[in-house]
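**Student:** Residue numbers (our numbering): 7 to 419. Idealized CB from N, CA, C, for every residue including glycine. Here you go, one structure.
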């Protein structure tokens with residue numbers, strides 16, 4: 007337990023970044039009070055773990071670092087200080103065993119988030135962290151005190167240091183509302199606009215196609231696109247047809263590039279290879295093969311392996327004449343143009359981009375405009391694909407910000 011006269015830090019936000027900051031600070035003897043607007047902590051963490059909690063990724067460090075793109079220089083030392091191996095050791099000390107899946111992703115053995123969160127909270131409470139639920143932060147008052155709205159009335163406090171771990175703008179119902187953006191901006195902290203990340207895109211299907219295929223997976227395809235530099239790229243995987251467009255893992259992996267191009271030009275066209283295991287010449291030969299009395303759908307299913315949603319896409323995106331022209335049809339199977347017209351709203355996204363720019367922070371993640379105020383987690387200006395990279399960076403920045411707090415408190419009179 008901490009001494010009542012110990013330095014006092016308030017953490018605002020009970021997600022992984024805030025909880026990790028609390029752990030580092032309480033272990034160092036700092037008094038820690040954690041505030042969160044929700045009735046309980048870790049709500050987004052729990053929801054993300056419903057399909058199997060992806061903790062981190064076991065790929066080589068250079069590949070791991072590359073997932074943070076333009077923010078790699080800022081995040082690489084943070085990740086190296088709490089990498090996949092260290093994260094797995096940390097889980098083990100909480101009594102949670104982990105394993106590496108066939109894709110390199112790391113999961114708890116039971117695939118669940120709740121046991122890990124329970125063990126973590128038990129340890130934090132036992133160490134002396136005090137939790138204050140249903141306290142919605144409302145910024146600072148005129149005297150510089152933190153202000154919280156609570157069902158019983160307004161609460162203010164003036165700690166020695168503050169760690170903001172407020173999340174981004176996705177999944178607002180779980181607490182990440184982005185309401186903090188103007189409050190920080192008003193205090194001179196540079197914040198990049200929040201945008202959807204790991205998100206879906208609108209296409210504008212016909213009602214018939216949407217009704218028949220929304221919710222269907224589109225498996226074993228390649229997506230071809232041009233990156234921001236105009237260089238041709240290709241990625242294999244699967245995605246999902248939504249009511250208005252496309253979403254899912256393969257689309258999420260490309261979402262930053264696609265989003266930025268839509269923001270710049272209003273739309274972006276990608277090309278789908280519906281038969282990636284067959285080259286163009288073979289597909290043309292199979293399409294052009296005599297089909298006798300069979301229907302075209304039966305012919306394409308038997309000769310090329312197209313059925314269901316893939317066949318539906320061809321009918322949705324091609325004119326009738328294309329189905330009477332084997333060359334055009336074969337070309338479309340190998341390179342079907344799909345125009346994405348809009349990014350889905352940020353509240354539907356798995357995560358968000360934008361946030362407090364690293365240029366507004368010092369090396370310990372303290373805001374230069376407001377000494378003693380630190381930032382961590384998804385509210386920082388970075389993004390990464392799914393696959394464990396989001397959680398790893400949130401935990402790492404929470405840990406790093408807490409160490410920044412300790413260094414600053416040591417220097418403070």
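Looking at residue 136 and residue 208, is the spacing between their C-beta atoms short of 8 Å?
**Tutor:** Translated into positions along the chain shown, residue 208 becomes position 202. Translated into positions along the chain shown, residue 136 becomes position 130. No.
**Student:** Taking only runs that begin and end inside the region 292 to 335, name each unbroken alpha helix (DSSP H) of 4 or more residues, in chain order.
**Tutor:** List check, alpha helix (DSSP H) in window: 302 to 309, 314 to 323.
**Student:** Is residue 155 helix, strand or coil by DSSP?
**Tutor:** As a first step, residue 155 is located in the chain shown; it is residue number 149 there, counting from the start. Three-state result, residue 155: strand.
**Student:** Mind checking whether residue 182 and residue 191 have CB atoms under 8 Å apart?
**Tutor:** Working through the chain shown from its first residue, we reach residue 182 at position 176. Working through the chain shown from its first residue, we reach residue 191 at position 185. No. Outside cutoff.
**Student:** Between which two residues does the beta strand (DSSP E) harbouring residue 218 extend?
**Tutor:** Position 212 of the chain shown, counted from the first residue, corresponds to residue 218. It is not in any beta strand (DSSP E) - residue 218 instead sits in the alpha helix (DSSP H) that spans 213 to 219.
**Student:** Considering only the alpha carbon of each residue, which of 352, 378, 383, 347 lies closest to residue 362?
**Tutor:** As a working note, residue 362 is residue 356 in the chain shown. Of 352, 378, 383, 347, the residue nearest in Cα terms is 383.
**Student:** Under 7 Å Cβ to Cβ from residue 374, same chain only, skipping five residues before and after it: list those, please.
**Tutor:** Counting from one through the chain shown, the residue named residue 374 turns up at place 368. Correct list, in chain order: 366, 367, 368.
**Student:** May I ask you to list the residues that DSSP assigns as paired with residue 41?
**Tutor:** Along the chain shown, one-based indexing puts residue 41 at 35. BP columns for residue 41 point to 18, 138.
**Student:** Where do the ends of the beta strand (DSSP E) carrying residue 73 lie?
**Tutor:** The residue you call residue 73 lines up with position 67 of the chain shown. Per DSSP, residue 73 belongs to no beta strand (DSSP E) and is neither H nor E.
**Student:** Determine the DSSP secondary structure at residue 231, reduced to helix, strand or coil.
**Tutor:** Your numbering for residue 231 matches position 225 in the chain shown. Reduced to three states, the DSSP call for residue 231 is strand.
**Student:** Applying the criterion that 16 or more other CB atoms from any shown protein chain within 10 Å of the CB defines a buried residue, is residue 105 buried or exposed?
**Tutor:** Indexing the chain shown from 1 puts residue 105 at position 99. The residue in question, residue 105, is exposed, as its Cβ has fewer than 16 Cβ neighbours within 10 Å.
**Student:** Are at least three pairs of beta-carbons, each pair with one atom in the region 275 to 290 and one in the region 340 to 349, less than 8 Å apart?
**Tutor:** The region 275 to 290, when compared against the region 340 to 349, does touch it at the 8 Å Cβ threshold.
**Student:** Are there three or more Cβ pairs, one per stretch, closer than 8 Å when the region 214 to 222 is compared with the region 346 to 359?
**Tutor:** As far as the Cβ criterion goes, the region 214 to 222 does not touch the region 346 to 359, which means the pair count is below three.
**Student:** For the candidate residues 210, 410, 401, whose alpha-carbon lies nearest to that of residue 377?
**Tutor:** Along the chain shown, one-based indexing puts residue 377 at 371. When only C-alpha atoms are compared, the closest one is 410.
**Student:** Where DSSP assigns a beta bridge to residue 381, which residues make up the other side?
**Tutor:** For the purposes of this step, residue 381 is identified with residue 375 of the chain shown, where counting begins at 1. Beta-bridge pairing links residue 381 to 170.
**Student:** Considering residue 95, what are the terminal residues of the alpha helix (DSSP H) in which it resides?
**Tutor:** The residue labelled residue 95 in the question sits at position 89 within the chain shown. Note, residue 95: alpha helix (DSSP H), 90 to 99.
**Student:** With DSSP as the reference, identify every bridge partner of residue 277, one or two as the case may be.
**Tutor:** The residue labelled residue 277 in the question sits at position 271 within the chain shown. Residue 277 is bridged to 230, 343.
**Student:** Going by beta carbon distance, what residues of the same chain come within less than 6 Å of residue 85, once the five residues before and after it are set aside?
**Tutor:** What you label residue 85 is simply residue 79 of the chain shown in a count that begins at 1. Correct list, in chain order: 402.
**Student:** Below 6 Å CB to CB, which residues in the same chain sit around residue 263 once its five sequence neighbours on both sides are set aside?
**Tutor:** For the purposes of this step, residue 263 is taken as the residue at position 257 of the chain shown. Within the same chain, residue 263 has close Cβ partners 233.
**Student:** So residue 404 and residue 26 are supposed to be a Cβ contact under 8 Å. How far apart are they, rounded?
**Tutor:** Here residue 404 refers to the residue found at position 398 when the chain shown is read from its first residue. Here residue 26 refers to the residue found at position 20 when the chain shown is read from its first residue. So it is a contact: roughly 3 Å between Cβ atoms.
**Student:** Within the continuous beta strand (DSSP E) that includes residue 114, where are the two ends?
**Tutor:** Start at 1 with the first residue of the chain shown, and residue 114 comes out as number 108. Taken as a continuous stretch (DSSP letters only), the beta strand (DSSP E) holding residue 114 covers 111 to 114.
**Student:** Report the rounded CA-to-CA distance for residue 391 versus residue 179, giving the unit in angstroms.
**Tutor:** For the purposes of this step, residue 391 is identified with residue 385 of the chain shown, where counting begins at 1. For the purposes of this step, residue 179 is identified with residue 173 of the chain shown, where counting begins at 1. Distance between the alpha carbons of residue 391 and residue 179: 22 Å.
**Student:** What are the start and end residues of the alpha helix (DSSP H) that includes residue 83?
**Tutor:** As a first step, residue 83 is located in the chain shown; it is residue number 77 there, counting from the start. That run of the alpha helix (DSSP H) goes 78 to 87.
**Student:** In angstroms, rounded to a whole number, what distance separates the CA positions of residue 297 and residue 93?
**Tutor:** For the purposes of this step, residue 297 is identified with residue 291 of the chain shown, where counting begins at 1. For the purposes of this step, residue 93 is identified with residue 87 of the chain shown, where counting begins at 1. C-alpha separation (whole angstroms): 57 Å.
**Student:** Quick one: what's residue 201 bridged to in DSSP?
**Tutor:** Counting from 1 along the chain shown, the entry for residue 201 is found at position 195. DSSP output for residue 201 lists 359 as bridge partner(s).
**Student:** Check whether the region 241 to 251 touches the region 297 to 311, taking contact to mean three or more Cβ pairs, one atom from each stretch, closer than 8 Å.
**Tutor:** Segments in contact, no.
**Student:** Taking buried to mean at least 16 other C-beta atoms within 10 Å of its own C-beta, is residue 131 buried or exposed?
**Tutor:** Position 125 of the chain shown, counting from 1, holds the residue named residue 131. Exposed, since its Cβ has fewer than 16 Cβ neighbours within 10 Å.
**Student:** Do residue 394 and residue 111 count as a contact pair if the criterion is CB distance below 8 Å?
**Tutor:** Walking along the chain shown from the start, residue 111 turns up at place 105. Walking along the chain shown from the start, residue 394 turns up at place 388. Yes.
**Student:** What are the residues that DSSP puts in a beta bridge with residue 352?
**Tutor:** For the purposes of this step, residue 352 is taken as the residue at position 346 of the chain shown. DSSP lists no partner for residue 352.
**Student:** Give a single yes or no on whether residue 381 has its beta carbon closer than 7 Å to a heavy atom of the ligand NAD.
**Tutor:** No copy of the ligand NAD occurs in the structure displayed, which carries no ligand at all.
**Student:** The alpha helix (DSSP H) that contains residue 13, what's its start and end?
**Tutor:** The residue you call residue 13 lines up with position 7 of the chain shown. From DSSP, residue 13 is part of no alpha helix (DSSP H); its letter is neither H nor E.
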